[in-house]
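K.L.:
With the UniProt record's numbering applied, the sequence shown corresponds to residues 1 to 1238, in that order. Glycine included, each C-beta is placed from N, C-alpha and C at the ideal position.
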Amino acid sequence: MCKRRFQRSKAYDVDKLFNISIQDKMAKCKLHHLKLVLAVNISCVFATILYLPMVYHHELVSPPVSQFDPRYVSNLDISWEEIKKVIRTIPGNKKFHGIGLLNLNKIETNHWKQVIHNLDHVVLHLNYAEKNVTWDTLYPEWIDEEQEYGIPICQSLPKIEEPKKQLDLIIVKLPCRDHKANWSRDVARLHLQLAAAQLAVSSKGYHPVHLLFVTKCFPLPNLFPCKELVLREGNMWLYKPNLDILREKLRLPVGSCELALPLNPKEQVLSGNSHREAYATILHSAHVYVCGAIAAARSIRMTGSTRDLIILVDETTSKYHRSGLEAAGWKIRTIQRIRNPKAEKNAYNEWNYSKFRLWQLTDYDKIIFIDADLLVLRNIDFLFSMPEISATGNHGMLFNSGVMVIEPSNCTFQLLMDHVTQIDSYNGGDQGYLNEIFTWWHRIPKHMNFLKHFWIGDDEAVKEKKTKLFGADPLILYVLHYVGSKPWMCFRDYDCNWNVDFMQEYASDVAHEKWWKVHDEMPGELQQFCMLRTKQKMQLEWDRRFAEKWKYADGHWRRKVEDPRFIDRENELRQSKPPVPQPPHRAPLDPWTKSRLSRCVLQAFQTSPERGPVAVGIRVPCYHPIQPLESEKDMYQRRFQRSKSKDVEKPFHFPIHDKNPKCNFYLLKLTLVILLSGNLLAFIYSPTVCHHNHGSHAVPSWIWGRSDLRYESNLDINWEDIAKVIEAMSDGNEVQEIGLLNFNVTEINRWKHLTPESDHIVLHIDYVAKNVTWDSLYPEWIDEEQEGEVPICPYFPKLEVPKKRLDLIAVKLPCNDDENWARDVARLHLQLAAAELAAASKGYHPVHLLFVTKCFPIPNLFTCKELVSREGNAWLYNPNLNVLREKLQLPVGSCELALPFKPKEHGYSGNEHREAYATILHSVDVYVCGAIALAQSIRNVGSKRDLVILVDETINGYHRSGLEAAGWKVQEIQRIRNPKAEKDSYNEWNYSKFRLWQLTDYDKIIFIDADMLVLRNIDFLFSMPEISATGNDATLFNSGVMVVEPSDCTFQLLMDHVDQIESYNGGDQGYLNEIFTWWLRIPNHMNFLKHIWDKDDEEEKTTKTRLFGAEPPVLYVLHYLGLKPWLCFRDYDCNWNVDILHEFGSNVAHWRWWKVHDSMSELLQQFCLLKTTQKAQLEWDRMQAEKGNYTDGHWGIKIRDRRLKRCIDNFCSWKNMLKHWGEENTTNNGFGHQRRLP
C-alpha cells in the first residue's frame, strides 16, 4: 500500500512539484528556487523526526481532560416555553423517577429544576474527546480493510458514566455552528449524541426512555430516525427511541475508521422479513441505462437472491423500455423527477435529486440501492441486516452512494427536501448532498462496490492485482461498478475506454468480458434492449479511428471489431458524414466519471506541436487554465491533475534538455533524492510504526505466505490411519471434493497422492489477531446488564467459502504439550472455521469433517455421537448440520451472553418427554431435604419436565421414599471415585456426577445442585446446547446449573482422562472445566450465589438483598452457599454465628427458602428435621458468637425453631452433648471442636 501511495504522488510532474513554469525554465534556470525548496524540505524532515517522540507520547499516554472545552459549548438561548410544551406531551411525565442533564450550564440546570420540580435531576458528566480526534480521523479516506499492515482501530470517544438511578428523560444540549461551517461534521456534537444513546440503551428491561435534544440543527437522522421523533418545538427535538435497534447501532464502529462488516461476512443471513426488503435503482431523464439496469437485475438473480427488485422511472422512460425492465424482473414505480435547484439547466445533474424518491418506498423496511451500471457478482442479501447508511468509502470523509442501505421513511424524504436550498453538494449531485445529510455512516468493504478504475499512479503490481479481482474465479468481489464508458455502449470485442486517451484509466478488458458474460446469459428478448443507436456507433468508430491515427500504445484500435450490433457501420458512417464534419453525440457519462474529467472540449481544428492537427469533434483534455464549476472544485483539486499529467509529459521522462539546455538537471535529481530520503525517514519513524512496536495489531495473512506459530502442528501424520478413516465413510467413491485447512505443502501433496480421484481445494484463513487470548474470549466478568457497555467478543476471521461443494473437510489442529492445550485460541479458531464451512453446505448434502490431532476436538461442538471413526490421531465426524448452524449463531466464547439477560420464558416448546431436570446425592443424606425443596420449587414455577435424581447406596429407603414423594424419579448408581482425592475427603466421590451423561433416555438435562431454589421457570434453557452455564471465576463456568446432553460416549470420554487431567479445585467442577473449555455463558441470575463479597459496598449489598427477596422474583435460581437453610435455625441464617462464614449470611434469602419449605406437605417437612449433633453444633456456634459479641447481634435472637424439640435420633439430649464438647474440646480462643457437616 505504501508503494501504491507513493507511486500516485510521483505522478505529478516536476513542474508542478517545484511550481516552476515552462517559460521560467526556458528563460533561465532559477537555481535559487531549488535552494529554497531544498532548505525548506530538509528543515521539514528534521522537524518531523524531532517532533516524533512527542507524537509517540501523545498516542501512548492520553492527556488529562480539561475542565472546559469550547467545542462542546452551545450558545443557543433555550426557550423554556417550548420546553414545557414538549414535556407535557410525554405520557406519564408526572411519574418520572429521574431526569438526566447533559452539557447544560449551571443556570440552565437550575432552571430545569424549576420547570420540573419534585424530581431527581442528575447532572451527567462526560469527559471530552481528545483534541487530536477530528472528523478526518474518524472518517479517513482509506483504511487497511484487508489488514495487510495492521487492524484499523477507531480513536475512542470517552464513555459517559451511567448513574445508578433510573432515568426517564435525558436532556442534551448540542452545539451547532453555522450551516456553512460544516456543522454536521462536529466531533463534540457526535460525541454527545452517542453518549446520550449509550445512556438510553442502558435502561433495563422494557422501561421507556425519552431523549430531548436542544439544538437548532437536526440530530443525526440515521441514529435517531424521524420515525422516533415524538415532537419538535422550535429547537427542541423529543425522541422515543427503539432501544433494541439503538443497541445494535451502538455495536458498530464510531465512524468509518473501522469496517462495520467483516471483509468476508456470512453470506447466508436468515431473515424472517424478506418481503419487507428490496433492491432498488432509478432511471430518469435518459434511457441509455436501460440495458445496464436489465443486466443488474439478472446479476442479482444469478446470485440466488429472491428479494423484490424495484426500479423508479420517470416519464422519459418509454413503454417499450419499461416492458424490458419488467421482463428482467424489475417492479416499476413511476415518479415525478426532483430538480436540483443549484444545477444549471440541461446539466447532467439537473434532475439527480430524484434519487430522494427512494425514501418514499415505505412498503419496505430496508432498501439496498444500487446504481444501474453495476453487476452484483456474489449474494449481498446480508447487507439488509445493516443500518442506514451503510456504504463504501469514496474520497475524503465521504461515502459512495452507488451501493447503500437505506430505510424508507416519508419524514426522512421530507428532511431531504427541506434543505435542498441551504445545503451545498460537494459535486453538485445527489451523492454530495446525501453526504451532507448523513455524515454518520458505516463503512462496508470496498469489495461490495468496487470501482473499475486504475489510478494514474498505480504501478503494474497494483494493476495486475485489480485485474485479477475483476476476473477471479471463484469470485472475490461482491459488486463491480462500471465507471467510464459503459460496456453496453462499447464494442463487444473490447473496452472502448482504450480509444479515448483521457479515459484509459477506466479500461479493463477482463471487467468488460465479465459484463458481457452476464449479457450472454440473458434471453434474446432482453438482449435487444442493449442494441446500439446509429449515433453511438458513429461515436465509437470516430474514437477508434482517432486512436489509430495517433497510434495509441495499447493497440486496441488494431483489433477487428466483430460485434454483431455493428453490421454495416462503415456504410452508416459514409452516409452520415457531412462535408464539414460535426462531432458525434457521445452517450452521457455517469456523474462519477464526469467529475473526473475536464469540462474543457476543443470543438474546432487546432494544431498541436506535439500531436499534429486535432480533428474537429474529437474531445481532448484542455490544458490551459479553466476554472471548474464551484461544485466540482474540490474533486478537481484532488483528482484531475493525475489525468492531466498523462498527456502533457510522462512524469520523470520528458526531455528537459530540449526545453533548457542550460538547466542543471543534476540539481533536480539531487533534490528529489533528498526529498525521497526524508520521506523514507519520516515513514520509518512514523507514529504508526512506533505504535506497531508497542502493540501489534497486524494479522498475518495466508495469502502472502506468512506463518503464525500458534497455528502450526508438528504432528507426523500417519497416512495409513487417514486412509482407514476415509474408507469408513459410507462410500469412499463419493468423496469428490476435499477441502484442506492448515496443512503444509508436503502434506497437501500427500493428500493428492492418497485420493487421486478427488479435487483438492486448499482453504485459506486469516490468523486471529495476537491480542485475542483465551482470557479475552472467556473473561471472568462481563457487563451482563449493559450498565456500562455492551459486551462484544473479539473478532475471528472467517473462512472464505469455496464455490465447489465439499464432501470432506480435513483440518490439522495444533495441540500443545502443556496442560492447557484445550485453551488454545488458534485451535478453537480452526475448529469454528471448519464448522462454519460445513454449515455453509446447502440442502441436505452430507459433509464430513476430519480432524488430524492427538488431542480430542471440542466435545460439545463436535459430539462423540457424530464421530464416525477414529484411527490414531484421525477423528472423522458426520455432524448434524442443522444443530451445528444453531451453535454457530452463538458467541465465540463467554465474552457475550448466549441468552438475553431477560429471555422469553414461554418461547420454547421442545420435546418435553426427552428433557428433564436432574440432581445427584451420594455419600451422605444431609442434602435430602434440599433436594425435596428443590423439586417443590421447580413444580411451583409451573414446569412439568421429569425430575431425575441419582443416588448411591448410602441413601436409604426412608430417604428415597421422601424423594419420590417430592416428585423425583430415583435412579441408583455406583459411585465414581476421584483417583486424585484423599480417602474420606469431601471430594472423594464427586466424580459420580459424570453418571448424568448416562441418562440417555433424555436428549437434554438441566443439572441443578440440591442446595438451590428455582424461583422462575427456566424451561427455556432446554433450548441451549451443552455446556451452557454461568461464569464462575477466571475462564471457568459454575457447574451448579448447567445444560448437558447425555451420551454414553461422552461419559466414556470423561472416564478416559481422569488419571491425566488435573482439576483446579480437586472436584468435578474443575475437571468438567478442563474437558468442556468451550462453553456458553447464561445470565448470572440463573445461578445467583447467596454470597456478599467482602469488597461489596453498602449499595451493592442492598442491591443483592433486594434481589434475594424481590417479589415477583427477579432471580431465576438462587444458590445457597455456606451453611444450608435446613441445617440452620429457622429463625435466622446461622452463617452469622461463624465469623468466617459471614459473607454467606442473608436473612432475606434464608426466609425465601423457608417459604418454599412451608409450602411442602407435612410428610415432606419431616425430612428436614435436625439430628441431635446438628442441634448441638448450632447452639455451640451461637454461644461462640455471643462470647465473641459479634456485632451483627443475631446470637441474641431467641430461638423458636420447633425442630429443636423434636428428636429423630436414639440419643436426644443435644444439651448434654454440648456440655461434653465444652469439657473435652474447648480451646483457648473460645471455639469448640467444629463437627460441622458439609
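Short of 7 angstroms in beta carbon distance, which residues of its chain neighbour Ala-1010, apart from the five on each side in sequence? Order them along the chain.
P.N.:
For this step, residue 1010 is matched to residue 1010 along the sequence shown. Counting only Cβ-Cβ distances below 7 angstroms, and skipping sequence neighbours, we find Thr-919, Leu-921, Tyr-927, Gly-930, Ala-931, Leu-934.
K.L.:
Between which two residues does the beta strand (DSSP E) holding Gly-98 run?
P.N.:
As a first step, residue 98 must be located in the sequence shown, where it is residue number 98. Looking at the DSSP string, the run of the beta strand (DSSP E) that includes Gly-98 is 98-102.
K.L.:
Spatial neighbours of Tyr-433 within its chain, please: C-beta separation below 6 angstroms, excluding the five flanking residues on both sides.
P.N.:
Looking up residue 433 in the sequence shown gives position 433. Here the set comprises Ser-425.
K.L.:
Can you give me the Cβ contacts of Trp-774 inside the same chain, cut-off strictly under 7 angstroms, excluding the 5 residues immediately before and after it?
P.N.:
Counted from its first residue, the sequence shown places residue 774 at position 774. Within the same chain, Trp-774 has close Cβ partners Arg-823, Val-825, Thr-1035.
K.L.:
Compute the Euclidean distance between the alpha carbons of Trp-1180 and Gly-1196, then round it to the nearest angstrom.
P.N.:
One-based indexing of the sequence shown puts residue 1180 at position 1180. One-based indexing of the sequence shown puts residue 1196 at position 1196. Answer to the nearest angstrom: the Cα atoms are 14 angstroms apart.
K.L.:
Roughly how many whole angstroms lie between the Cα atoms of Val-405 and Glu-277?
P.N.:
Locating residue 405 in the sequence shown gives position 405, counting from the first residue. Locating residue 277 in the sequence shown gives position 277, counting from the first residue. The alpha-carbon atoms of Val-405 and Glu-277 are separated by roughly 10 angstroms.
K.L.:
Less than 7 angstroms between the CB of Thr-1030 and some heavy atom of the ligand PLP, yes or no?
P.N.:
For the structure depicted, the ligand PLP is absent and the ligand set is empty, with no information on it obtainable.
K.L.:
So, do the region 135-142 and the region 191-208 have three or more beta carbon pairs nearer to each other than 8 angstroms?
P.N.:
no
K.L.:
Can the beta-carbon of Gly-255 be found less than 8 angstroms from the beta-carbon of Lys-165?
P.N.:
Sequence index remark: in the sequence shown, residue 255 carries index 255 (1-based). Sequence index remark: in the sequence shown, residue 165 carries index 165 (1-based). For Gly-255 and Lys-165, no; Cβs fall outside 8 angstroms.
K.L.:
Go through its chain and collect everything with a Cβ distance to Leu-1218's Cβ below 7 angstroms, but skip five positions before and after it.
P.N.:
The sequence position of residue 1218 within the sequence shown is 1218, counting from 1. If we look at Leu-1218 and ignore the five residues flanking it on each side, its Cβ neighbours are Ala-1176, Glu-1179, Trp-1180.
K.L.:
What residue range is occupied by the uninterrupted alpha helix (DSSP H) comprising Tyr-279?
P.N.:
Position 279 of the sequence shown, counted from the first residue, corresponds to residue 279. Looking at the DSSP string, Tyr-279 is not in any alpha helix (DSSP H); the run it does join, the beta strand (DSSP E), is 277-283.
K.L.:
With burial defined as no fewer than 16 other Cβ atoms inside 10 Å of the residue's Cβ, what is the status of Gln-831: buried or exposed?
P.N.:
In the sequence shown, residue 831 corresponds to position 831, counting from 1. It is buried - the Cβ of Gln-831 has at least 16 other Cβ atoms within 10 Å.
K.L.:
Taking Tyr-433 as part of the alpha helix (DSSP H), name the residues at either end of that continuous run.
P.N.:
Stepping through the sequence shown from its first residue, residue 433 is reached at position 433. Its alpha helix (DSSP H) spans residues 430-437.
K.L.:
Starting from Tyr-917, follow the beta strand (DSSP E) in both directions and report where the run begins and ends.
P.N.:
Counted from its first residue, the sequence shown places residue 917 at position 917. Run containing Tyr-917: 915-921, per the beta strand (DSSP E) assignment.
K.L.:
Between which two residues does the beta strand (DSSP E) harbouring Gln-971 extend?
P.N.:
Residue 971 sits at position 971 when you count from the first residue of the sequence shown. Start and end: 969-972.
K.L.:
Look up His-1119 in the DSSP assignment and say whether it is helix, strand or coil.
P.N.:
As a position in the sequence shown, residue 1119 is number 1119, starting the count at 1. Reduced to three states, the DSSP call for His-1119 is strand.
K.L.:
Return the residue from the list Ala-295, Asp-365, Ser-318 that minimises the CA-CA distance to Ser-274.
P.N.:
Your numbering for residue 274 matches position 274 in the sequence shown. Taking only the C-alpha atoms, the option nearest Ser-274 is Asp-365.
K.L.:
Apart from the five residues just before and just after His-1194, which ones in its own chain have a Cβ nearer than 6 angstroms to its Cβ?
P.N.:
Here residue 1194 refers to the residue found at position 1194 of the sequence shown. Tyr-1132, Trp-1136, listed in sequence order.
K.L.:
Judging by CA-CA distance, which residue of Ile-151, Thr-89, His-191, Arg-443 is the nearest neighbour of Glu-130?
P.N.:
In the sequence shown, counting from the first residue as 1, residue 130 sits at position 130. Of the candidates Ile-151, Thr-89, His-191, Arg-443, the one whose C-alpha sits nearest the C-alpha of Glu-130 is His-191.
K.L.:
Where does Lys-1219 fall in DSSP's three states?
P.N.:
What you label residue 1219 is simply residue 1219 of the sequence shown in a count that begins at 1. Helix.
K.L.:
Just to confirm my understanding: we take Gly-1040, look at its own chain, exclude 5 residues before and 5 after, and list those with CB closer than 6 angstroms. What are they?
P.N.:
One-based indexing of the sequence shown puts residue 1040 at position 1040. Excluding positions up to five away in sequence, the list reads Asp-1009, Asn-1087, His-1119.
K.L.:
Consult DSSP for Trp-516 and reduce its assignment to one of helix, strand or coil.
P.N.:
Walking along the sequence shown from the start, residue 516 turns up at place 516. If DSSP states are grouped into helix, strand and coil, Trp-516 belongs with the helices.
K.L.:
What alpha helix (DSSP H) runs, 4 residues minimum, are completely inside the region 1124-1200?
P.N.:
Fully enclosed alpha helix (DSSP H) runs of 4 or longer: 1147-1158, 1162-1165, 1172-1188.
K.L.:
I need the straight-line Cα distance from Val-1044 to Phe-1037, nearest angstrom please.
P.N.:
Numbered from its first residue, the sequence shown carries residue 1044 at position 1044. Numbered from its first residue, the sequence shown carries residue 1037 at position 1037. Looking at the two C-alpha atoms, the distance is approximately 13 angstroms.
K.L.:
Can you have a look at Ala-1110 and say buried or exposed, based on whether 16 or more other CB atoms are within 10 angstroms of its CB?
P.N.:
Locating residue 1110 in the sequence shown gives position 1110, where the first residue counts as 1. Answer is exposed; the Cβ neighbour count stays below 16.
K.L.:
Taking only the alpha-carbon atoms, compute the straight-line gap between Pro-903 and Phe-1022 and give it to the nearest angstrom.
P.N.:
By 1-based counting over the sequence shown, the position of residue 903 is 903. By 1-based counting over the sequence shown, the position of residue 1022 is 1022. Distance between the alpha carbons of Pro-903 and Phe-1022 is about 13 angstroms.
K.L.:
Could you give the DSSP three-state label for His-764: helix, strand or coil?
P.N.:
In the sequence shown, counting from the first residue as 1, residue 764 sits at position 764. It is coil, neither helix nor strand.
K.L.:
If you drop the 5 nearest sequence neighbours on each side, which residues of the same chain put their C-beta closer than 6 angstroms to that of Asp-554?
P.N.:
Mapped onto the sequence shown, residue 554 falls at position 554. Excluding positions up to five away in sequence, the list reads Trp-498.
K.L.:
Could you give the distance in angstroms between the alpha-carbon of Pro-846 and the alpha-carbon of His-753?
P.N.:
Reading the sequence shown from its first residue, position 846 is the one you call residue 846. Reading the sequence shown from its first residue, position 753 is the one you call residue 753. Their backbone Cα atoms lie some 24 angstroms apart in a straight line.
K.L.:
State the Cα-Cα distance for the pair Gly-329 and Tyr-279, rounded to the nearest angstrom.
P.N.:
As a first step, residue 329 must be located in the sequence shown, where it is residue number 329. As a first step, residue 279 must be located in the sequence shown, where it is residue number 279. Going from the Cα of Gly-329 to the Cα of Tyr-279 covers about 11 angstroms.
K.L.:
Name, in chain order, the residues that DSSP records as bridge partners for Asn-400.
P.N.:
Numbered from its first residue, the sequence shown carries residue 400 at position 400. DSSP lists Thr-392 as partners of Asn-400.
K.L.:
Thinking just about the alpha-carbon of each residue, which of Val-768, Asp-1003, Asn-771 is nearest to the one in Val-883?
P.N.:
Residue mapping note: residue 883 aligns to position 883 of the sequence shown, counting from 1. Of all alpha-carbon atoms in Val-768, Asp-1003, Asn-771, the one lying nearest the alpha-carbon of Val-883 is that of Asp-1003.
K.L.:
Quick one: grab the DSSP three-state call for Phe-382.
P.N.:
On the sequence shown, residue 382 is found 382 positions in, with the first residue counted as 1. In the structure shown, Phe-382 sits in a helix (DSSP, three-state: H, G or I).
K.L.:
Give the straight-line distance between the Cα atoms of Gly-942 and Val-313, rounded to the nearest whole angstrom.
P.N.:
Looking up residue 942 in the sequence shown gives position 942. Looking up residue 313 in the sequence shown gives position 313. Using only the alpha carbons, I get a separation of about 59 angstroms.
K.L.:
Buried or exposed: where does Glu-953 fall if 16 or more other Cβ atoms within 10 Å of its Cβ makes it buried?
P.N.:
Sequence index remark: in the sequence shown, residue 953 carries index 953 (1-based). Exposed, by the Cβ-count rule.
K.L.:
By how many angstroms is the C-alpha of Glu-315 removed from the C-alpha of Asn-242?
P.N.:
Translated into the one-based positions of the sequence shown, residue 242 becomes position 242. Translated into the one-based positions of the sequence shown, residue 315 becomes position 315. Going by the C-alpha atoms only, they are around 39 angstroms apart.
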